[in-house]
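Worksheet for the structure shown next.
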Amino acid sequence: MAGRDTKKARTRRYWLMKSEPSVFSIDDLAASPKQTTSWDGVRNYQARNFMREMEPGDQILFYHSNADPPAIAGIAEVVKQAYPDPTQFDKKDTHYDPASDPGAPRWEMVDIKFVRKFTQPLALDRLREESQLKGMVLLRKGSRLSVQPVAEKEWNHIMKLAGR
DNA sequence: GCCAACGTTGGC
DNA sequence: GCCAACGTTGGC
Numbered sequence: 001m002a003g004r005d006t007k008k009a010r011t012r013r014y015w016l017m018k019s020e021p022s023v024f025s026i027d028d029l030a031a032s033p034k035q036t037t038s039w040d041g042v043r044n045y046q047a048r049n050f051m052r053e054m055e056p057g058d059q060i061l062f063y064h065s066n067a068d069p070p071a072i073a074g075i076a077e078v079v080k081q082a083y084p085d086p087t088q089f090d091k092k093d094t095h096y097d098p099a100s101d102p103g104a105p106r107w108e109m110v111d112i113k114f115v116r117k118f119t120q121p122l123a124l125d126r127l128r129e130e131s132q133l134k135g136m137v138l139l140r141k142g143s144r145l146s147v148q149p150v151a152e153k154e155w156n157h158i159m160k161l162a163g164r
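For what it's worth, UniProt numbering labels the leading residue of the first sequence as 1, then goes sequentially.
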């Protein structure tokens with residue numbers, strides 16, 4: 001056992017993804033075919049690198065940015081590993097990247113699926129009141145990263161806050 | 001490799 | 001609409 005080539009199931013990881021609800025909300029996700037969407041349009045290397053680390057089954061906090069109030073709206077999960085984002089090659093797309101080489105695509109996306117919507121969204125202000133969440137990337141000053149890791153204990157605490 | 005200029009994010 | 005914080009670009 002435990003040979004070098006033995007594929008060991010990795011423990012589930014947790015993430016947070018931001019979306020402006022006026023562009024794509026958690027309700028839009030729930031209303032999508034198979035309640036699934038491709039997370040295209042990410043054009044930040046750090047965010048892309050986090051998506052590359054994602055695996056099916058990983059859990060995602062779906063965050064509404066530029067919203068009133070900004071809040072975690074619910075949960076989604078990764079259903080497909082990172083693969084090339086076709087919008088980078090689409091001249092008509094706002095996320096078109098002329099510098100990306102089709103032979104070595106620069107940008108990738110994952111597919112995510114709706115899991116549930118919180119009965120009560122967890123507002124940013126509310127999250128800031130929680131000492132257990134002090135370390136969250138989301139709460140760091142000036143944090144703009146649209147795809148970010150969430151620690152397991154942060155995830156568990158948020159689940160407690162969200163109720164069921 | 002530095003850094004000023006510029007564009008974007010996102011809370012307020 | 002403002003603007004701080006951040007990432008990227010490009011001249012040098």
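Beta carbons are placed, not taken as given, at the ideal position from N, Cα and C, and that holds for glycine.
Since the model is a prediction, treat every value here as computed from it, not as a measurement.
Straight-line gap, residue i to residue j (C-alpha atoms, nearest Å)
i      : j      : result
Pro157 : Ser19  : Checking the sequence, you will find His at residue 157 rather than Pro. Roughly 22 Å separates the two Cα atoms.
Phe89  : Pro98  : 7 Å
Pro21  : Asp28  : 8 Å
Thr37  : Trp15  : 16 Å
Asn44  : Leu161 : 30 Å
Gln35  : Arg13  : 21 Å
Which residues DSSP lists as bridging residue i, in chain order
i      : result
Leu16  : Leu61, Gln148
Glu108 : Pro84
Gly114 : The residue asked about is misnamed: residue 114 is Phe in this sequence, not Gly. Answer is Ala76, bridged to Phe114.
Leu122 : Ile72
Outcome for residue i when other beta-carbon atoms lying within 10 angstroms are tallied against a minimum of 16
i      : result
Asp125 : exposed
Thr11  : exposed
Glu152 : exposed
Met121 : According to the sequence as given, residue 121 is Pro; it is not Met. Buried is the call here.
Val42  : buried
Lys146 : One point to set straight first is that residue 146 is Ser, not Lys, in the sequence displayed. Ser146 comes out buried.
Ala71  : buried
Gln148 : buried
Problem set entry | Runs of beta strand (DSSP E) lying entirely within the stretch 39-97, each at least 3 residues, in chain order | 59-64, 71-84
For this session: Could you say if the stretch 65-76 and the stretch 45-57 meet the contact criterion of at least three C-beta pairs nearer than 8 Å?
Result: no
Exercise. Any chance the stretch 113-133 sits against the stretch 73-83, with 3 or more Cβ pairs inside 8 Å?
Worked result: yes
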